[in-house]
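Structure first, commentary second.
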Amino acid sequence: MIPDNLLPAAIVLSSLVPGLLIFLLGEERHVLRTALNMVGALSKLVFVWLLIRGVYDGRIFETRLALAPGLDLVLDADALSVLFVTLSTLLWLVTTVYAIGYLEHSPHRSRFFGFFSLCVTSTIGLALAGNLLTFVFFYEALTLSTYPLVAHRGTPDAARGARVYLAYTLGGGVLLLTGAVWLQSLAGPVVFTQGGMLSDLAGERDAQLVAIFFLLIAGLGVKAALVPLHGWLPQAMVAPAPVSALLHAVAVVKAGAFGIVRVVYDVYGVVLAESLGLLAALALMASVTILYGSLRALSQDGLKKRLAYSTVSQVSYIALGTAIFGPIATIGGVVHLVHQGVMKITLFFCAGNYAETLGVHRVSEMNGVGRRMPWTTLAFTVGALGMIGVPPVAGFVSKWYLGLGAVEAGSHWALLVLVASSLLNAAYFFPILFRAWFKEPPARWPEEPSPAGRLETSAALLWPPLITALLALAFGLFAAAPASPLEWAELIAQREYGL
Amino acid sequence: MGSGAFHVLVAVAYRGVDTAPDPIPHALVLTGIVVAVSATALALALGRRLEERDD
Amino acid sequence: MIDWLALPISIPLLGAVLATAFPSRSSPIGLTTALLAAAAALIAGVLVAEVGPLRSDLGGWGAPLGISLQADGLSAALLAMANLVSLGISVYALWYFPAGSRRHFWPLWLLLWTALNGLFLAADLFNLYVTLELLGIAAAALGALTGGRDAVEANLRYLLVGLLGSMTYLLGVALLYTGLGTLDLGLAAQSLTAGPLAWISLALMLGGLLLKAALFPLHFWLPPAHAQAPAPVSAALSALVVKAAFYLVLRLWVELFGPVAGSGAASLLGALGAAGVVWGSWRAFRAERLKLLAAYSTVAQVGYLFLFFPLMAASQLPRQPELLGALVLLALTHGFAKAGLFLSAGLLQKTAGHDRIAELGPALRALPAVALAVGLAGVALIGLPPSGTFVAKWILLAESLRSGQWWWVPVVLLGTLLASGYVYRLLASAFGPGAQPVAGGGPAEAPAPIGRAIQTPALIMTLIAVVLLGLGAEPLWGLMSGSPP
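Protein chains in written order, with my numbering: chain A, 5 to 503; chain B, 2 to 56; chain C, 64 to 548.
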């Protein structure tokens, strides 16, 4: 059907082309714009399905474009990229529906959906990147395509939040670029290889390799919100809810985390990283971030801000899983890529719903929300429970594997970090749930544009969080089923450790 | 500056007592003079324009 | 048998004459000439790509007696860029100038174009001088076209500085001739040996050319001249004229002086380039007016180009074509991007009535295609993917590290960060509040409505810089390998 060397390119193009076309549309062409979005999202889903089947069977897909002699842009697919690509594609589809509902009556929608598509294109591109150059290429493109989304509303707050975002991410980009070029000058084109491309390289270059690692992690850590590079994330909450949802579950933050996984496993290799002491350093950074994020979340009254700090904390579980030596921890970290994405996006969708339907932005305003919007709050509950790690929601599975892996590797302190973090999660989520379900609602909501109809809010706003909450539940309940995220994570760990 | 360069060029053209001087440097000089004159003309015109603006 | 090398020179020259003779029809003459000249140049370029370096002896007289033209990969690439950009500028200029100035613009512009093409195609040192002079005079005259006091002053300075540079260059040529007895580039290269003659003439010739190429600290004349000139002229000045001088430096270095100059000279050029990068980027960051920002950005970009010299000097032979290709890619990308930026600046200035960066928000929002062009130009100036600059910068950084000259890396990174800063300042207000202004409901000055057609050249040029040269530049290296090592 589609030749093997074009399928990765097709997946990237399936959001690029509609995106570019959408830019050209006039504001009033809703139907055409929605059609383009949907066609793009659905065709991408089809292509990804083909990809999954092919990778499972062991086929090789590679698209290669020479930028200069010795500098090739490479898109290929291994188990890890398939995991991330599938997550991105599914969540893009859902978020597009949500955004259409959320932004109804907003200005500049063509611009918004154009950049939205570019953002997804960049994410898919870096997911499929086969070498470090391609990864950096799309990583920077991601910065460029997300800035207009953060600045979308055009208010002074939005401008400021966007400026902070840009300063952090461009700075991070420079660090990443330096590390990447340095590595290439030492070792030639840095191709992502199972087991780590550099694994046979150790020797007198150790000091440089360590320095490069920190440069790369710093550059990636900005997007992945590793403390102290996380400052942009709470500020970026000024963006409309679909943007926060996409950024925090799929695109920007995950791209950084995904990059860290790639660098540790497919560039350095676990063995080399361990021997150079890099894993220990990463574990430390991840742990600090996990605890700091959770602590800051406690004191936030703004709902989106609280979720933002929760993200800071949760994404570092992935880094922690990567930093603990051993396949089980790896499984935990990698599968959390998917699980956190699905759970967090649910939470952000719900936050958006509360804001749009009731004008509720703060936790203190959420009393009795469960009565007025039961389905949304149900989805929120599922997401929150997953964050805490309560079975059978997916978050429990990730934490279980992480904890087990920590014990197995002898990192008992990591186990402590996990436990402490779960307790903190409970501390900042349970009060919300309690308020929502068991407190009396106020006489009037801050801002209720339209009173409750048959559905508690518009369909486009209601279905996405329900779907993602269901996914979060399913990934947990059916974790042992074939082709579940857990299965894929196990496959990835097997291939990485050569089991 | 320009005159200095032209002088050097003319001097370079010398090829010996009895033979005619080398024509190439002369060509250079002539071209150079033309160019310098045109440029000076333009510069004067611009300078004049400046003077007018100053009033 | 059509002499494809002579046409790109003779067509604009003829056009200039005709435009002077028939001033009332200068615009149609100008546009037709532009199309024909660009076509001829592109055909010549394609021929070089297919066949290899070309050489043509005018009037049948070969070197060392006659005037020869030659085109190899390097000149073909720059020729193509220069002519495409000039075509875009010509289309834009049709609309930009009011009727009165047009009769003055076209002859001068076509003369500049003649000089440009002549420079890229010249094969001997003296012809280079002639074309260089013509270029400088035409450029200065064009720059002062608006007649405003600041413009005249800035371009008078430009003219005098240029003249100084040319005279220095000429002196160097004279010295070289004394020693080598020939003015033909190829023949001179064969006979040149290291020694006082070579070094002094190198210093003189390069010194003059560096003044024209605006390498720090000889750049002082550029920002005012480029900022004051009318937008299409600024585009030509920054994107093309400065490049032409740089091309000469490169050509003389690679063919004539490089082997005898030694690494000290190369490092000096690199160090000056580094200073230019930092200084130019910093001043651009602090600039309050868009055209001044763009002009300082040119100073910085020229600096980047000179960073390649110490790398080329230090590298082994196999790496040279790769570096040369990256250098040319950088020059090409900047040409398109800077031209696009200046043309956009012109449109913004016409809409807003000024070019103060802090207040350009409404104009940017009213012209989304222009804002896009500015954004793309910014991407190319910073060096973000998918621009050609990203690829060139990667190679530059990699080679610095590989050859142990790691000190260039912080310079490039600093330049990148500063560029990010000034591009951000430029575009931040584009996302301001409020819906698109309704047509006709503009400010009291009611600026002329800007049609879609006129926004096209800027957009196309920046798209070339960012997409075509970023993703499709690989054949460039193949083209360059036909050029002399």
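The beta carbon of each residue, even a glycine, is placed where N, CA and C say it ideally should be.
Note that the coordinates shown come from a computational prediction; the quantities given were computed from them, not determined experimentally.
Among the bridge pairs identified by DSSP, D187 (chain C) is matched with C:D247. Proximity of T241 (chain C) to chain A, defined by a Cβ-Cβ separation below 8 Å, is not satisfied. Taken through DSSP and simplified to helix, strand or coil, A229 (chain A) comes out as coil.
S189 (chain A) belongs to the set of residues whose beta carbon lies under 8 Å from a beta carbon in chain C.
Below the 8 Å Cβ cutoff, chain B contributes no neighbours of I458 (chain C), its closest Cβ being approximately 39 Å away. Beta-bridge annotation (DSSP): G306 (chain A) is paired with A:R366.
In the displayed model, N9 (chain A) falls within coil according to three-state DSSP, outside both helix and strand.
Distance from S492 (chain C) to G424 (chain C) at the Cβ level is roughly 3 Å; contact confirmed, criterion being Cβ atoms closer than 8 Å. Residue state for D270 (chain A) is assigned as helix, using DSSP reduced to three classes. Relative to H340 (chain A), the option among A:L180, A:P160 and A:E491 whose CA is nearest is A:E491. What F141 (chain A) touches in chain C, judged by beta-carbon distance under 8 Å, is P448, P449 and F453, going in chain order.
Per DSSP, the continuous alpha helix (DSSP H) segment holding E385 (chain C) begins and ends at Q383 to A415. Among the residues facing chain B, A204 (chain C) is included, as its CB has a counterpart in that chain under 8 Å away. Residues P75, G78, A79, A82, G93 and T96 of the same chain have their beta carbon placed closer than 7 Å to that of L173 (chain C), with the five preceding and five following residues left out of the count. Collapsing the DSSP output to three states places E491 (chain A) in a helix. Contact annotation, A251 (chain C) with L182 (chain C): C-beta distance approximately 17 Å; criterion of less than 8 Å not satisfied. For chain A, the residues of the segment 484–495 of chain C that bring a beta carbon within less than 7 Å of one of its beta carbons are Y487, A491, F494 and G495, in chain order. Of C:A103, C:V114, C:V154 and C:L147, the smallest CA-CA separation from S90 (chain C) is found for C:V154.
Among the residues facing chain B, A207 (chain C) is included, as its CB has a counterpart in that chain under 8 Å away. Taking a C-beta distance under 8 Å as the contact criterion, A408 (chain C) and A294 (chain C) qualify as a contact pair. Look at G388 (chain C): its C-beta is under 8 Å from a C-beta on chain A. Taking the Cβ atoms as the reference, W471 (chain C) lies roughly 7 Å from A337 (chain C), within the contact range of under 8 Å. Per DSSP, reduced to three states, the secondary structure at S90 (chain C) is helical.
For L202 (chain A) and H416 (chain A), the gap between their C-alpha atoms comes out near 29 Å.
Along the length of the segment 276–338 of chain A, whole alpha helix (DSSP H) runs at least 4 residues long occupy 282–302 and 307–327, reported in chain order.
Residue burial annotation: T173 (chain A) is buried, with at least 16 other C-beta atoms found within 10 angstroms of its C-beta. Going by beta carbons, S303 (chain A) and S425 (chain A) fall outside the 8 Å limit. About 4 Å separates the CB atoms of G390 (chain A) and M347 (chain A); that is less than 8 Å, so the two are in contact.
Proximity of V185 (chain A) to chain C, defined by a Cβ-Cβ separation below 8 Å, is satisfied.
When C-alpha distances from Y143 (chain A) are compared across A:L153, A:V124 and A:T159, the shortest belongs to A:V124. S119 (chain C): not part of any alpha helix (DSSP H); member of the beta strand (DSSP E) spanning L117 to D120, first to last residue. Here L447 (chain C) carries a coil assignment [DSSP, helix/strand/coil]. Here D80 (chain A) carries a strand assignment [DSSP, helix/strand/coil]. By alpha-carbon distance to G271 (chain C), the top candidate from C:Q133, C:G228, C:A112 and C:P538 is C:G228. Going by DSSP, L132 (chain C) is part of the beta strand (DSSP E) stretching over S131 to A134.
Y367 (chain C) and A434 (chain C) have their C-alpha atoms roughly 26 Å apart.
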